[in-house]
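Just so you know, we're using the numbering used here here: the sequence shown kicks off at 25 and counts up by one. From the three backbone atoms N, C-alpha and C, an ideal C-beta is built for every residue, glycine too. None of these values were measured; they are calculated from a predicted model. Structure record follows, encoded as structure tokens.
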Amino acid sequence: MNTMFRLLKPILLLSLCCQTQAFAVAPKVGSPRQKATARMAVANYASGAAALFNNMKTPASIIAGAMVPMGMLAPLKFEADKDDGRFAIFLRRVYPIVAVLSLCSELVSVMWATVAVNQLTETKLEAASSVWHLIQRDFSLPWVATNAHFVFGMIGFMWVIASRAYFFAKGPIGASAAGLAFSSLLLITSVVNRGVASGGGDGLRLGSSILALFRSYAVQLLARACSSHSFGPLELSAMALFAFSLGNGLRIVVRDVLKGNKSEA
């Protein structure tokens, strides 16, 4: 009997050790460790998404601050000079429209990003496979809106710089300075186009150009405003007022440009 026990003792000890390791390595489904891992993954992706929104909010705030003195406190002379051609008249007439649009667009971008960061911090979110998936699932409209308004404001900001450069030194020097600003505008547009086309790095993207970004924003905003679950009368009113004001302003610009120096201030 003692001899048999001595022979079986190593086997019993090995079996007990294997069972102990199996329980330690393979926790049950829904164990505290798995729940803690899931919560950590969500927290990490939420903080990463918040960081992306903050990356857009900071430069948008800087551009908005620069637009106040450049576009509002020291605007261009609206009345055309005697030697102004149609292009100069066009720049003068469209300047206040572009300045206001750029400033307001950057402010709206800051607001979208701020609200999104607050929601990412305060809301308990479900697990996601990546930051991009989290944004596309829960913050698609805020992300598209933040980027669309930032890019639109940046384009307007460069247009304002080019217009001021054109009138800063009239003649060939002014035209050359404006050309440098417009070249930067074209390069910025190209960078944004490539960024939109690259998407999130896993095959998901909004489109192939900046126009796809603006189209996605308009479609998503209109869909949410007209939804029966989240009807937005203020959003619809804002879009209608924007379309009317922009169309009326551009109509006046075209009318004055066609009249030339005979247009009234």
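Host alpha helix (DSSP H) of residue i (start-end)
i: Phe181; result: Ser164 to Phe192
i: Gly195; result: Element bounds for Gly195: n/a, residue is neither H nor E.
i: Phe102; result: That residue, Phe102, is in no alpha helix (DSSP H); it is neither H nor E in DSSP.
Backbone CA spacing between residue i and residue j [nearest angstrom]
i: Val53; j: Ala140; result: Any answer about Val53 is weak, because its pLDDT of 44 lies below 50 and its placement is not dependable; what the coordinates show is given next. In a straight line, the C-alpha of Val53 is about 33 Å away from that of Ala140.
i: Leu177; j: Asp107; result: Looking at the sequence shown, residue 177 is not Leu but Gly. Rounded to the nearest angstrom, the two C-alpha atoms are 31 Å apart.
i: Val215; j: Trp167; result: 18 Å
i: Trp282; j: Arg117; result: Going by the sequence as given, residue 282 is Leu instead of Trp. So the alpha carbons of these two residues sit roughly 12 Å apart.
i: Leu209; j: Ala90; result: 17 Å
i: Val220; j: Ala247; result: 22 Å
i: Asn272; j: Leu265; result: 10 Å
i: Ala104; j: Ser164; result: 44 Å
i: Ser254; j: Gln244; result: 12 Å
i: Gln143; j: Pro99; result: 38 Å
i: Met64; j: Phe192; result: Only weak support exists for where Met64 lies, its pLDDT of 48 falling under 50; the coordinates are left without a value.
i: Asp162; j: Ala88; result: 27 Å
i: Val278; j: Ile86; result: 32 Å
i: Leu211; j: Ser233; result: 13 Å
i: Phe268; j: Ser252; result: 25 Å
i: Lys148; j: Lys194; result: 58 Å
Chain-order list of residues whose beta-carbon lies under 8 Å from that of residue i (same chain, five-residue window excluded)
i: Met80; result: Ser133, Ala137, Thr170, Asn171 and Phe174
i: Thr145; result: Ala70 and Ala74
Three-state secondary structure assigned by DSSP to residue i
i: Ala264; result: helix
i: Val277; result: helix
i: His157; result: helix
i: Lys148; result: coil
i: Phe206; result: helix
i: Ser232; result: coil
i: Gly109; result: coil
i: Gly271; result: helix
i: Ser252; result: coil
Contact set for residue i: own chain, Cβ-Cβ below 7 Å, skip 5 residues either direction
i: Gly72; result: Val155
i: Val122; result: Gly180, Trp183 and Val184
i: Leu125; result: Gly180
Neighbourhood of residue i by C-beta, 6 Å cutoff - its chain only, sequence neighbours within 5 removed
i: Tyr119; result: Leu100 and Ser187
i: Tyr241; result: Val168, Ala169 and Ala172
i: Tyr69; result: Ala152, Val155 and Leu158
i: Phe238; result: Ala172
Check: Are the region 173 to 191 and the region 201 to 215 touching, with three or more C-beta to C-beta distances below 8 Å?
Finding: Counting C-beta pairs closer than 8 Å gives three or more between the region 173 to 191 and the region 201 to 215, which meets the contact rule.
Pairing CB atoms from the region 105 to 125 with CB atoms from the region 147 to 161, are three or more of them under 8 Å? No, because fewer than three Cβ pairs between the region 105 to 125 and the region 147 to 161 fall closer than 8 Å, the two stretches do not touch.
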